[in-house]
Structures are given as C-alpha cells and as structure tokens.
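K.L.:
Next up is a structure, given as structure tokens.
Numbering (my numbering), first residue to last: 321 to 414.
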C-alpha cells in the first residue's frame with residue numbers, strides 16, 4: 321500500500337515472474353516496456369582479485385613493528401637510538 325498526498329492509499333503488487341508492478345484494486349499494469357541497461361565497464365582500470373585487494377596497504381602509514389621507536393622531532397620520522405648512545409653519559413653545563 322502506498323499512501324498518497326490526499327491521504328488515500330493505493331495498493332501496489334509486484335508480479336515476480338514478469339517483474340511488473342500492478343497498481344490499484346484491478347491490478348493495472350502501467351507499462352509493459354522493458355528496459356535493459358548495459359553494464360558499464362572501464363577497461364583502463366587494472367584487473368584485481370580479492371586477494372590483491374587484501375594485500376593493499378590502507379592509509380598513509382606503514383604497519384607497526386614489534387619494537388617501539390622514539391619519534392625524531394626534527395625530521396618527523398621515528399628513530400631507534402644506537403647502542404653507543406645508550407651507554408654514553410654526558411655532563412651538561414649550565
């Protein structure tokens with residue numbers, strides 16, 4: 321049932337075997353014309369499988385690693401301190 325703007329209702333039935341909508345108590349078919357639309361394709365795009373898509377990286381950041389890295393504030397990239405830097409103590413003068 322479709323509710324019309326004047327508050328009346330219009331019964332609508334879909335006839336599955338023919339794919340036709342029938343309107344009103346009498347089942348009036350508005351049009352018997354069938355329109356077939358061509359599936360549009362773009363041959364310039366690469367052919368991808370679902371497995372190809374699963375392996376594509378999302379976003380702009382690489383996957384995380386198991387070892388945490390400290391951010392390098394000057395370059396904006398992450399860096400890991402060298403072994404020498406960990407063992408060296410420096411005196412700071414005011």
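Just so you know, even glycine gets a beta-carbon here, dropped at the ideal spot from N, CA and C. The model shown is predicted, which means the values in this text are computed figures rather than measured ones.
Taking the alpha carbon of residue 349 as the point to measure from, which residue in 364, 410 and 332 has its own alpha carbon closest?
P.N.:
Of the listed residues, the one whose Cα sits closest to residue 349 is 332.
K.L.:
From the DSSP output, which residues share a beta bridge with residue 361?
P.N.:
According to DSSP, which records beta bridges pairwise, residue 361 is partnered with nothing at all.
K.L.:
Distance, Cα to Cα, residue 372 vs residue 364?
P.N.:
Straight-line Cα distance between these residues: approximately 17 angstroms.
K.L.:
Let me know the secondary structure DSSP gives residue 413 once reduced to three states.
P.N.:
In this structure, residue 413 counts as coil in the three-state DSSP scheme.
K.L.:
Under 6 angstroms Cβ to Cβ from residue 321, same chain only, skipping five residues before and after it: list those, please.
P.N.:
Excluding sequence neighbours, residue 321 sits near 329 and 331.
K.L.:
Just the Cα atoms here: how many angstroms apart are residue 346 and residue 326?
P.N.:
Going from the Cα of residue 346 to the Cα of residue 326 covers about 20 angstroms.
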